[in-house]
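Participant:
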Amino acid sequence: MQVNIRHQISPYFLFFIIVGAQTGVGILGFHRIIAKHAGYDAWISVLIAGAIIQDIVLLMFQMLSAARGDIIDVHSQIYGNKVGSIFSAIIMIYFWLAAVSVLREYIEIIQVWMFPTLPTWILSILILVLSYYIISGGFRVVAGICFVSVIYTILLFFNHFYLPNNYIHIDNIFPILDHSFIDLLKSAKETSYSMAGFEIILMVYPFLKDPETSKKYAQLGVAFTTLFYTVGAITTFLFISEKQIQTTIWARININALAKFSFVERFEYILLSLYLIKIVTIITLMLWASSRGIKLISKKKQKIPLIVLMVLSIAICQILDNRYILNSFLEMIAKFSVGLFYVYIPILWLAFNLIKKRTI
Amino acid sequence: MFKKRREKIAEEKKKIDEHPKTNVDATNWVEEFSLSNDFVNDHTSSNLAEPFCISYFRTLIMGEILHRDVVPYLSAQLSIKELKNTIPIQQIEVTSDAKVIKEKLLQGFAAIRLSDKHTECLLVNVANYKFRDISFPMMESTALGPQAGYVEEIDTNINMIRKHLPSSDLHVKEMKVGKLSSTKVAVIFMNSIANKDNVETVLQRIDDVQYDHISDSSYLASMIEDNTNSLFPQIIPTERNDRTIAALTEGKIVIVVDGSPDVLIAPITLAESIVAMEDYYVPWLIANYLRLIRLFGLFVSIIISPAYIAVLTYHYELIPAKLLDSLVASRAAVPFPPIIEVLILEISVEFIKESSLRLPTKIGTTLGIVGGIVIGQAIVEAKLTSSILIILIGLSTLASYTSAIYKFNNSVRLIKYPIIVMAQFLGLIGIVIGLNFLLAHLLRLTSLGRPYIGFYPFRKNIFKDMWIRLPFSMQKENPDNLRPQTKQKYLYDVKNPGPASDFDE
């Protein structure tokens with residue numbers, strides 16, 4: 042399905058969209074998860090994951106340009122309209138659950154670090170209303186929020202180089218490559234939740250003015266995120282040793298709590314509140330994709346699925362009320378994303394190409 | 016029920032369309048106008064059979080011109096055609112169309128007929144063009160640069176623009192708006208630079224305006240804006256000629272409205288609200304410094320009182336111990352929570368501003384002293400607010416007036432309040448949510464369909480002039496966001512015209 046040229050965006054915006062979608066709450070605490078298997082060598086796993094994602098992005102672009110549309114068109118061309126809708130709906134549900142997980146995770150961080158007694162629903166309603174306001178402005182506004190949020194991401198990138206001498210231990214990350222390759226791959230798999238977000242291409246594709254040039258920017262975006270996470274992992278391991286990191290949920294916040302200025306004592310408060318724009322970016326992107334997908338499948342106005350999804354999101358946020366449930370929810374989403382994008386998409390690509398060849 | 020009501024409204028509308036409040040088809044305009052006492056209908060000779068009969072609105076004409084250039088020629092026995100060639104006034108025409116006659120009479124023309132019975136009229140322009148002289152721009156004053164502001168008369172304003180741009184490329188499209196006032200509106204643009212779509216949009220929107228009267232250009236601005244519910248002006252008024260000229264040469268469109276000293280400029284971006292014309296009269300480094308100050312002022316004025324509330328209500332651990340000492344000491348005796356404190360001060364500042372704006376200057380100054388110094392001092396001594404807050408509110412009030420556009424200053428003053436409320440509820444998170452709403456709103460806004468926020472979508476050459484002011488030699492292109500037809504500016508390409516030193520040899 043082609044989109045009106047007035048709603049399309051310039052190629053370089055894909056960089057901002059990809060970076061905006063990929064860097065979320067993961068930045069603050071992915072270190073613990075990836076260090077489970079590969080220990081302090083886990084930063085190499087991030088590089089491996091980055092390389093895999095680059096390939097998957099290429100596959101997606103190849104598939105979408107052949108289908109001349111989004112994932113819904115791909116599905117309907119392979120499976121036919123009815124079965125295709127079911128498969129598309131599964132992906133839309135993934136987008137929605139990803140948005141919910143990010144929202145709940147951020148609210149949890151706020152509850153732990155800033156407002157211990159704050160009810161979940163207040164923040165979830167406020168953030169979702171904000172997201173609704175942005176999404177109702179159309180895709181141009183969603184992309185605009187990504188643009189602003191990436192400016193903040195770049196500031197966060199430089200924040201990694203805040204390394205007070207007396208706290209860092211260079212020997213934490215030596216010797217390099219002390220873990221087996223299998224361990225590295227296992228850790229690479231664990232990054233999937235943090236590095237997820239590139240799959241937004243599946244819905245954004247028809248909005249790109251020049252898909253061929255956009256591909257370059259998408260790869261640049263993935264490369265930047267990979268660099269971001271790699272640098273993040275290395276600098277964090279410099280501060281916190283392999284054993285210690287297993288007991289630290291949000292390593293990055295702990296490190297930032299060290300920073301002190303003559304006029305600000307708890308720097309991490311400001312950091313965490315400004316973090317909201319990143320959260321809003323991911324939520325708007327994911328909910329936009331999800332509601333647009335449902336709109337295309339069900340031929341309803343986008344407003345209706347969006348509001349329904351938002352109300353359901355608030356309900357789910359209320360249900361996920363402690364760390365254990367939340368953590369298992371996050372792990373479920375992570376598995377979901379591995380299954381969808383590291384297994385399903387390559388298979389789909391293969392199937393799609395075979396079918397296309399036969400019809401031609 | 017609703018159907019009936021709708022029908023009734025439609026009927027009424029039809030009535031208005033068919034019978035405008037001034038009756039056109041009545042050929043006997045003399046009788047109609049004679050109901051007003053300032054309408055003069057006289058015979059120039061004592062014999063009623065002899066010519067001429069002259070009619071005009073005494074209040075609309077310039078008596079001097081009438082007596083010097085028209086009346087002396089009326090004594091001779093001439094036909095209307097001959098009279099037309101004799102009277103030394105250029106705007107003159109012969110017609111018997113009652114509609115035209117009435118229209119012209121209401122504009123300050125005099126109608127001359129051979130006698131009461133004739134319908135053929137000679138219309139002579141003796142209108143009174145006297146308005147106030149061109150004076151200083153009051154709201155947008157600068158220390159350097161031209162000191163001429165617009166006046167309430169459309170021709171004078173267009174004259175000022177034309178004088179500075181003597182080019183055939185400058186097109187003026189005149190139209191009339193307002194059912195009763197039929198206010199003259201002129202849309203001005205550079206034909207080879209301005210984007211055709213933009214011009215079309217403006218003309219179309221002005222054409223669509225239906226209202227009884229247009230008192231000021233702000234009426235028109237709010238009627239043709241993209242989003243009339245927004246706090247931010249998407250079409251900015253200016254009273255400075257240099258700003259108008261600069262806008263025209265970049266490819267913007269200028270709207271002049273009769274009776275308003277403010278000329279409208281569209282389409283604009285957020286950046287233009289912090290641009291003062293003085294930026295172009297000082298070296299570019301100083302201009303950038305001033306712009307940074309203004310941007311920072313904008314930020315401070317929005318953020319400072321919410322931050323005070325957030326920190327003192329929720330995040331006192333954010334403040335280092337030494338700084339907290341002085342804060343707590345000044346607040347120790349204050350019985351209110353921070354939000355009440357802030358609201359008391361913010362609202363009293365608004366009181367002072369409003370009251371001194373409505374009163375004559377002399378009283379206004381006195382009021383400012385009483386309000387600012389006496390109340391400010393007393394409120395601290397009475398321990399109603401802390402002295403640190405007085406400093407902060409004072410700063411934010413000053414900072415909110417740094418922008419060059421008065422209309423924009425008002426928006427800045429108002430958007431602070433929702434953020435204050437959010438800060439009270441959720442501390443720093445609340446402030447950030449408020450700011451994000453603001454950002455989302457700005458991203459959604461458009462001016463004539465062009466993005467309002469200015470840095471998104473990213474265009475390199477906007478940054479060369481609007482956000483940062485580079486030297487003239489580097490401003491090679493017209494801003495891309497306007498989609499100008501001509502991209503390049505005429506440019507003198509030598510960067511340093513001074514003599515070369517031995518170092519360069």
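For the protein sequence lines, the chains are A and B, in the order given. Under this note's numbering, think of the first position of the first sequence as 42, with each following residue one higher. Under this note's numbering, think of the first position of the second sequence as 16, with each following residue one higher. Cβ atoms here follow ideal geometry from the backbone N, Cα and C, with glycine treated the same way.
1) Contact criterion: CB-CB distance below 7 Å. Does A455(B) meet it with respect to chain A?
2) Which residues in chain A sit within 8 Å of H228(B), going by Cβ to Cβ distance?
3) For T59(B), report the span of its alpha helix (DSSP H) as first-last.
4) Would DSSP call T328(B) helix, strand or coil?
5) Is DSSP giving K284(A) helix, strand or coil here?
6) In the DSSP output, which residue or residues are listed as bridge partners for C136(B)?
7) Please state whether the Cβ-Cβ distance between T461(B) and D257(B) is less than 7 Å.
8) Considering I345(A), what are the terminal residues of the alpha helix (DSSP H) in which it resides?
9) What separation, rounded to the nearest whole angstrom, lies between the Cα atoms of N172(B) and V217(B)?
10) Give me the chain A residues within the contact set of R459(B), using Cβ-Cβ distance strictly less than 7 Å, ordered along the chain.
11) Look up K398(B) in the DSSP assignment and say whether it is helix, strand or coil.
12) Check for me: the alpha helix (DSSP H) holding H186(B) runs from which residue to which?
13) For S314(A), decide whether its Cβ has a neighbour in chain B, counting only Cβ atoms nearer than 7 Å.
14) For a test of your reading of the model: does the CB of A142(B) fall under 6 Å from any non-hydrogen atom of the ligand NAP? Yes or no.
15) Is V447(B) close to chain E, meaning its C-beta is less than 7 Å from at least one C-beta of that chain?
16) Which residues bound the beta strand (DSSP E) around K199(B)?
17) Excluding sequence positions up to five away, which residues of its chain have a Cβ less than 7 Å from the Cβ of V44(A)?
18) Comparing alpha-carbon positions, which option in T232(A), L196(A), G61(A), L164(A) lies nearest F188(A)?
19) With 8 Å as the limit, tell me which residues of the region 258 to 283 of chain A have their beta carbon closer than that to any beta carbon of chain B; keep them in chain order.
20) Whole angstroms is fine: what's the gap from I74(A)'s alpha carbon to V98(A)'s?
21) Please list the terminal residues of the continuous alpha helix (DSSP H) segment that includes F452(B).
22) Please confirm whether I270(B) and L279(B) have their CB atoms less than 7 Å apart.
23) If the cut-off is 9 Å on Cβ atoms, which residues from the region 425 to 447 of chain B count as contacting chain A, listed in chain order?
24) For Q439(B), count neighbouring Cβ atoms within 10 angstroms of its own Cβ and tell me buried if that reaches 16, exposed if not.
25) From R333(A), C358(A), I355(A), pick the residue whose C-alpha is nearest to that of A130(A); which is it?
26) For chain B, is any of its Cβ atoms less than 7 Å away from the one on Y193(A)?
27) Can you give, in chain order, each stretch of the beta strand (DSSP E) that sits fully within the region 306 to 359 of chain B and has at least 3 residues?
28) Please list, in chain order, all residues of the same chain as Q287(A) whose beta carbon is under 8 Å from its beta carbon, the five residues on each side excluded.
29) Are there 16 or more other CB atoms within 10 angstroms of the CB of G464(B), so buried, or fewer, so exposed?
30) Answer with yes or no whether the minimum CB distance from E332(B) to chain A is below 7 Å.
31) Could you give the residue range of the beta strand (DSSP E) that holds R128(B)?
32) In whole angstroms, what is the alpha-carbon distance linking V141(A) and L307(B)?
33) Name the residue from M327(A), Y270(A), K123(A) whose alpha carbon lies nearest to the alpha carbon of F202(A).
34) Applying a beta-carbon distance threshold of less than 7 Å, which residues of chain A neighbour N242(B)?
35) What is the residue span of the beta strand (DSSP E) that Y71(B) lies within?
36) Near S415(B), what residues of its chain come up, given a Cβ to Cβ distance below 7 Å and the 5 sequence neighbours on each side ignored?
Facilitator: To lay it out plainly:
1) yes
2) Residues of chain A passing the Cβ test: none, with the nearest at roughly 35 Å.
3) No alpha helix (DSSP H) holds T59(B); DSSP gives it neither H nor E.
4) helix
5) helix
6) T110(B)
7) Against a cut-off of 7 Å, the Cβ pair of D257(B) and T461(B) comes out as no contact.
8) Note, I345(A): alpha helix (DSSP H), 344 to 360.
9) 19 Å
10) In chain order: G178, V182.
11) coil
12) Note, H186(B): premise wrong, no alpha helix (DSSP H); beta strand (DSSP E) at 185 to 192.
13) yes
14) Absence of the ligand NAP from the depicted structure is noted, as is the absence of any ligand whatsoever, leaving it without description.
15) In summary, chain E is missing from the structure at hand, where the protein chains are A and B.
16) 198 to 205
17) P247, F248
18) G61(A)
19) none
20) 24 Å
21) Note, F452(B): alpha helix (DSSP H), 421 to 459.
22) A contact, by the Cβ cut-off of 7 Å.
23) M437, F440, L441, G442, L443, I444, G445, I446, V447
24) Buried, by the Cβ-count rule.
25) Taking the Cα of A130(A) as reference, the smallest distance to any Cα among R333(A), C358(A), I355(A) is reached at R333(A).
26) no
27) If we require 3 residues or more, the region 306 to 359 of chain B turns out to have no beta strand (DSSP E) run fully inside it.
28) R73, A76, K77
29) A residue is called buried when at least 16 other Cβ atoms come within 10 angstroms of its Cβ; G464(B) does not meet this threshold and is exposed.
30) yes
31) 124 to 128
32) Going from the Cα of V141(A) to the Cα of L307(B) covers about 39 Å.
33) Y270(A)
34) Chain A residues near N242(B): none, gap ~11 Å exceeds 7 Å.
35) 68 to 72
36) S316, N424, V427, R428
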